[in-house]
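Only one structure is covered here, and it is reproduced in the block below.
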Amino acid sequence: MDIRLQKVELSRAGKAFCFDTLIRGGMITALAGASGSGKSTLMSLIAGFDRPQNGHILFDGIDFTRAHPSERPVSLVFQENNLFAHLDLRTNIGLGIRPDLRLGTAEKAAVSHALERTGLGGFENRLPGTLSGGERQRAAFARALVRKRPCLLLDEPFAALDPALRIEMGRLLLDLQQETGVTVLLVTHLPDDVERLASEVIFLKDGEILADETTGAFLARQEPQEIRNFLGNRPPR
Amino acid sequence: MLTRGETIRAIAGGVSSLAGIALFAAAGVAALLATGLSQAASPLLDPYILGVLRFTLLQAVLSSALSVAVAVPLARAMARQPRFPGRIWILRLMGVPLGLPVIIGALGLIAVWGQHGWVNRLLVALGLDQPVSIYGLTGILLAHVFFNFPLATRLLLASLERLPGEYWLIASNLGMKPRTLFRLVEWPAMRSQIPAIAGLILMLAATSFTLVLLLGGGPAATTLEVAIYQALRFDFDPPRAVALALIQIGMTALILIVLQFFGGAASEGATLGRPPERPDGQTSAARLLDAGLILPATAFLLFPLAAVVIGGLQADLLRLIADPMLHRAVLTSLLIALPAGLLAVLLAYSISSARFALLSRKGQPMVFERMANLTSALASLILLVPPTVLGTGWFLIAGPANMDRLAPFLIAGINGLMAFPFVLRVIDPALTSHRERTLRLCASLGITGLNRWRQVDWPGLKTPLLTAFTFAAALSLGDLGVVALFGSDQLVTLPWLLYSRMGSYRTDDAAGLALILGLLCLFLMVLGTASRTPTERASP
Amino acid sequence: MTARMHFLISRLPLAIAAAITLSAPALGADKELTIYTYESFTAEWGPGPQVKAAFEKTCGCTVNYVSAADGVALLSRLKLEGAATKADIVLGLDTNLISEAKQTGLFEAHGIEAKDVSVPGDFKDDVFLPYDYGHFAVVYDTQTMKNPPQSLKELVEGDPNQKIAIEDPRTSTPGLGLLLWVKSVYGDKAPEAWGKLKNRVLTVTPGWSEAYGLFTKGEVPMVLSYVTSPAYHIDQEKTERYQAASFSEGHYIQIEVAGMTKGSHDKTLSRDFLRFMISPAFQDIIPTTNWMMPAAKMSKPLPAAFDKLVVPSKTFLMSADEVAANRKAWVEEWLNAMSLH
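Here it is in C-alpha cells:
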C-alpha cells in the first residue's frame, strides 16, 4: 500500500513542517535525519496523532487526512513501551485483534501463532517485565502481525538493543516484510540499518525533505554536508 | 542492582528514620503517662466513647471513599487533557487547601454552602424557599472532600503521568475505546496508589476536630480527637488521653492493613520522557466529558477559596501589610515551615529508599515484600497520634525553663512528622519508578554515591522532591494545632496571629490575614510546580 | 509493659526535674515578675502591653508574660509544670476553674483586703482576686432578627428556623457557661430544655472564635457571647448592628481572676501586682482592651459604648466547688440531650 503525503503542512511550537512525498508500497523505506528534523512529526502525521493544517494524507489514493488513528491502515512499533507492563503477552497481543479484548478460540490461536512466528512460542502468560528488551520488541512485532494492517511504522525499534540483537531483529523484520508484503516506514539514526534493511530513503532537515531516493543513490552521496555527516557514522567495513 | 554498600546504607537510613519517628512518639507518650495514674473511675469504653468511635470511623471511611471517588474520574480527565486551558493553575490551586487552617477553609465553605451561602441564595432566587442545610454528616463530608480531593487528584494524576507516553499512542492506534483504556491501563495505574491515598485521607478525616464540631451541627458528631482533647485539657487525665489515642491508632491501623490488600504492585515501563500526547482525549466526546468533570470540580474548589479572597479584600490590607507583627509572623512561619518541610522530605526519602533497596533484592520471600510495604504505611500512623498528646508529652520532656528556646524546634519537628505521610505518597512512587528506570544503567556505568545523586537522582527526582517539599511546607504553614500548644508571644506564626485576631473580634483583620496566608501557599505551590516541563510531569 | 520500660518511665520525671534545675535562670540582679496568662491578654491590642508599662513605672521591675491559648490551656500548663513553674502570677482563670486550680496546691492566699472589688454575684475568694467580668448573653444581628428572645425560655421555645451558634462545653468556657446558665434556670428540667433548644442550634463550635466568626459572616443570626460584645462593635466599628438580648431570668456570669503562686520568688512583688490589678491604673485599661467589665473602681467613667449595654437584672453564679463536683455529670447530661434524635 502506497502512502502519499500531499503538501502536508503543520506548525508546532514555532517550527514549520512541510512534507510532500510518496512512500512506496511493499518495501521498506528508511526515514532519517538529525534529531528535531521532523521524523517523529512525520510519523505522527501518518499515524494520525497529529492533524495537518494543510495538505492530504492518502493511503492507496484514499484520503485519510481526518481519520482517527485506529481507522488508519497502520500498525506502530516504538523504541520501547510497546507493551502494557501490567498485562501479559496474550492480552497485549490480543489487543491487536480485538481492542475490547473479547478473544475467542480462533483469536487466541492467532495470538499463539504470532508469538510462535516471532520466536516467543509459549510466552502467552509472561509479563513484559520478565522479558529481555529484544523479546519485548519481538512481542510488539507479533502484535503488528496479528493486526494485519498493510503499513507498519517503526520508530527506532532497535535503538535500545545491542548490535548483535539489532542485526537479528533486522533479519526478523526483513522476513516478516517479505512474508506479508507490508509497507514499512523505519525511523532510524543508523546508516547501517538503512543499508541493511531499506530499499528507499527519506532524509529530513529542519522540517523538510532533503533527499528522497533509493538506498543505493543515498549511500553514494558526497553532499550535502548533513547527509555526509549521517553516513560518516557508518563503521568502516 | 544496588551495590552492597548502597543497599546497607539505604536500609540503615530508612531504619533510623523509622526508629526516630517511633522514638519521638514513644517518648512523648511515655512522658505523658509518667505524670500519674488515671484519676477517673469512668471506664474507657463507655457507651459515649463507643458511639464516638463508631462515628469517627464512619465519617472517616465515607470521607475517604468520596474523596477518592471524586478524584479518580477527575485525575483521568486532567491526564487526558494535558493542554486544558489554565491546567497548571488548577493544579496549583489544588495545593492551597493543604495550607489553609481548617477554620478558614470552613468559613469559605460556609460562605458558599451555608444557610445564607451563595448556593442557597441562588436557590432562593430561583424560587425555592427551602434552604439546603449542610450541618451534620453532609457538612462534614463536604468539608473533608473539599480539603482532600485535591490532594487525591494530584497524587492519582501523578500515577497516570508516570505511565509511558507510548501507551496512549499505541492504545489510540489499536483503537481501544475509552472504557477499555480505563479498565486496562488507567485504572490499574491508579489502583496501585489508591490504598495509600485512601489511607492518608482516612487518617486525616479520623483525626479531624474543628471541622467535625463546626459543621457537625451537634455533639452527635464527635470524633475521638475531641474526646482526647477533652481528656487532656478539660479533665486533665493524660492516661485516658493516651489510651484513647491508642484506640484511635489501633482501629485505623486495622483499616489500613485491609486497604493494603486492595492495591496491586505498580509496574511501569521505562520511559525516555516522551511528552504525553493523549489522542484519546482529543475526540469531542472526551473533551466534553473531561471539561464536564474539570469545570465543576474546579468550581467546587475555587468558590470557597474565592470567598476567602473576597473576605480578605474587605480588610484594610495596606495597614496589615505594613504591620511589623505580620512581618514577624510570616518570618516565623517560614522559619518553621521550611525546616519542617525539609525534615518531612528527608524522612520520606530515606524510608522510601530503604523500601526500594529491600524490595529490589532478588529472591525475596513474599512475606518480606508485604512487610516492607506495610512498614511505610505503619510509619504513616504518626498522623494518628494527636498533636496534643505529642506536644504535651514533649512539653514535659523539655521542661518549662527550656520551653522558650525549644518551642520552635518542637513545632517544626512535630509539623515535619505530621507532613511526612503526605510527602511519602508523593516521593515513594516517583522514587520507585525512577530507580527502576535508572538502576541498571547506573550499575553498568558504575555511577554510585554522591555522583549518582548529582548526575542521576537529583535531575530525575527534582520535580517530585520539590513538590513534596512545598506540600509539607504548606501543611506546616497552615498548622494551628501544634503551634497552639507551644505558642507564646515570642513565637507567633501567621495562623496563630490570624486566630488571635479572630479571638478578639477582629474578623476583618483575620480575613485579610487568611488571604495573605492563602497567597503564601499558592506561591509555594507555584514554586513546587516551577520545574514542571512538558516532558517531565510525573509528579503531583 | 516490660520491667525495663517501667524503670525508664519511672526515671523520666527525675530527668525532667534535673533538666529544669539545670536551666533555671539566674535570679537576683533585677527584679522580675513572670505572669502566666492567656494569649489575647498579651496580644498587642489586648491589655497586656499597657498593663506591663503601667506596672513597670511603679515597681522598678520587669514584667514577663508567658501566654497559653486560653484559660483552660493555662491551667493545663500549670498542672504540667507543677512546682517547677516559673509563674509568679497566674492571671486569666475563670470562676469555674478555681476549684481545680486550688487542687494543684500551687497557689497561695493573697491576703489582700479587696474592698474596692465589686462584681455581681458576691464573689469572694482568699486565693483568687477578680480583675474583670462579663455576663454571658445571646448576641443577635438586628438586621436579620427583628424580635430577639426576651428570656432563656423564649430562646428555648422559639422558632426553630431562627438559629443560634453555641460553643461546646467539652472544649470551651463559654460553652460551659451556657451549660451552667441553663442548669441555673431549669435545674432538673435542663435536659428537656436542651432537647428543645437543640432544634434552634445550627451548630456547636469548638470555641468562641468559630461561633462568633459564623455570626459575623451572617451565617447565623444569634450567637452565645457576652453582654459586652456589642461594646466592641459600637466603639471600634461605630455600628449598633449587633446587640445582646436581655433575658428576664437573668444572666450567668464569667469572672476572670488572678492569683499568686507558692513558688513565687518575690512574694512582695506578687502582692504588689495583685494590689495594682484592682487599682484604677489597671482597671482603666480593661474595658476597651479586654472588652469586659472592670472588677473594681476606675479613675474615669466607662467608655460611652458601655452605657448602651444591657444590664442583667439578675446574676447567676455557681460556686466553683459545685461546678467542679458536677461538671462531668452535667456535660454527659447535655451530650445525651443534644445527641437524641
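Residue numbers (the numbering used here), protein chains in the order written: chain A, 10 to 246; chain B, 41 to 580; chain C, -11 to 329. A virtual CB, placed ideally from N, CA and C, is assigned to each residue, including glycine. Nothing here was measured: the structure is a model prediction, and the numbers come from that model.
Asked: CB contact flag (Leu430 of chain B, Thr75 of chain B, <8 Å); Found: no
Asked: Cβ shell of Val69 of chain B (< 7 Å), same chain only, five flanking positions each side left out; Found: Val282, Val429 and Gly433
Asked: Backbone secondary structure at Ile287 of chain B - three-state DSSP; Found: helix
Asked: Beta-carbon contacts of Ser258 of chain C that lie in its chain and below 8 Å, excluding the five residues immediately before and after; Found: Leu21, Asp76, Ile77, Met248, Thr249 and Ser252
Asked: Neighbouring residues, chain A, relative to Thr472 of chain B (Cβ below 8 Å); Found: Going along chain A, no residue has its Cβ under 8 Å from Thr472 of chain B, so there is no contact; the nearest lies around 13 Å.
Asked: Beta carbon of Val54 of chain C nearer than 8 Å to that of Phe270 of chain C; Found: no
Asked: Continuous alpha helix (DSSP H) assignments of at least 4 residues falling wholly in the region 442 to 512 of chain B; Found: 443 to 485 and 489 to 492
Asked: DSSP three-state assignment for Ile174 of chain B, whether helix, strand or coil; Found: coil
Asked: Residue-level contact to chain C via CB, Thr569 of chain B, 8 Å cutoff; Found: no
Asked: Sequence-distant residues of its chain with Cβ nearer than 8 Å to Ile422 of chain B (five each side left out); Found: Ile61, Ala65, Leu457, Met458, Phe460 and Pro461
Asked: Residue interval of the alpha helix (DSSP H) (run including Ile309 of chain C); Found: According to the sequence displayed, residue 309 of chain C carries Asp and not Ile. Note, Asp309 of chain C: alpha helix (DSSP H), Ala308 to Ser327.
Asked: Simplified DSSP assignment, three categories, for Ala7 of chain C; Found: Confidence in Ala7 of chain C is poor, its pLDDT being 38 and thus under 50, which makes the residue's placement unreliable; the coordinate value appears in the next sentence. It is helical.
Asked: Any 3 or more C-beta pairs closer than 8 Å across the region 531 to 540 of chain B and the region 146 to 153 of chain B; Found: no
Asked: According to DSSP, residues forming a beta bridge with Leu18 of chain A; Found: Here residue 18 of chain A is Glu; the residue named in the question, Leu, does not match the sequence. Note: Glu18 of chain A sits in a beta bridge opposite A:Cys27 and A:Asn63.
Asked: Interface flag, Tyr207 of chain B vs chain C, CB-CB below 8 Å; Found: no
Asked: Beta bridge counterpart(s) of Lys214 of chain A as assigned by DSSP; Found: A:Glu217
Asked: CB of Arg152 of chain A within 8 Å of CB of Asn90 of chain A, strictly; Found: no
Asked: Own chain, CB closer than 7 Å to Ile222 of chain C, minus 5 neighbours either side, in chain order; Found: Glu228, Ala293 and Lys296
Asked: Chain B contact for Ala57 of chain C (CB, 8 Å cutoff); Found: yes
Asked: CA nearest to the CA of Gln169 of chain B, picked from B:His156, B:Leu181, B:Gly179 and B:Gly176; Found: With the sequence shown as reference, residue 169 of chain B is identified as Asp, and Gln is not the correct amino acid for it. Closest by alpha carbon: B:His156.
Asked: Rounded C-alpha distance that separates Pro233 of chain A from Ser49 of chain A; Found: 22 Å
Asked: Continuous alpha helix (DSSP H) stretch holding Ser56 of chain B: start and end; Found: Arg44 to Leu73
Asked: Alpha helix (DSSP H) runs contained entirely in the region 157 to 228 of chain C, provided each spans 4 or more residues; Found: 161 to 174, 178 to 185, 196 to 204 and 217 to 225
Asked: Proximity test, Cβ basis, 8 Å: Ser248 of chain B and chain C; Found: no
Asked: Closer than 8 Å to chain B by CB, Leu85 of chain A; Found: yes
Asked: Beta-bridge partners of Arg145 of chain A, as assigned by DSSP; Found: Note: Arg145 of chain A sits in no beta bridge, so no partner.
Asked: Short CB-CB distance (under 8 Å) between Lys186 of chain C and chain B; Found: yes
Asked: Candidates B:Leu371, B:Asp330, B:Leu296 and B:Ile180: closest to Phe249 of chain B by CA position; Found: B:Ile180
Asked: Within chain B, the residues that Ser197 of chain C reaches when beta carbons sit closer than 7 Å; Found: Tyr539, Met542 and Gly543
Asked: Close beta carbons around Ile106 of chain A, own chain, < 8 Å, minus the five adjacent residues each side; Found: Leu112, Glu116, Ala119, Val120, Val155 and Arg156
Asked: Sub-8 Å separation of Phe396 of chain B and Arg475 of chain B beta-carbons; Found: yes
Asked: Beta-carbon proximity of Ala246 of chain B to Thr263 of chain B, cut-off 8 Å; Found: yes
Asked: Interface flag, Arg158 of chain C vs chain B, CB-CB below 8 Å; Found: yes
Asked: Within 9 Å of chain B by C-beta, residues of the region 106 to 117 of chain A in sequence order; Found: Pro108, Asp109 and Leu110
Asked: The beta strand (DSSP E) enclosing Glu244 of chain C, as first and last residue numbers; Found: His239 to Thr249
Asked: Contiguous alpha helix (DSSP H) assignments of at least 4 residues, all confined to the region 135 to 205 of chain A; Found: 142 to 156 and 172 to 189
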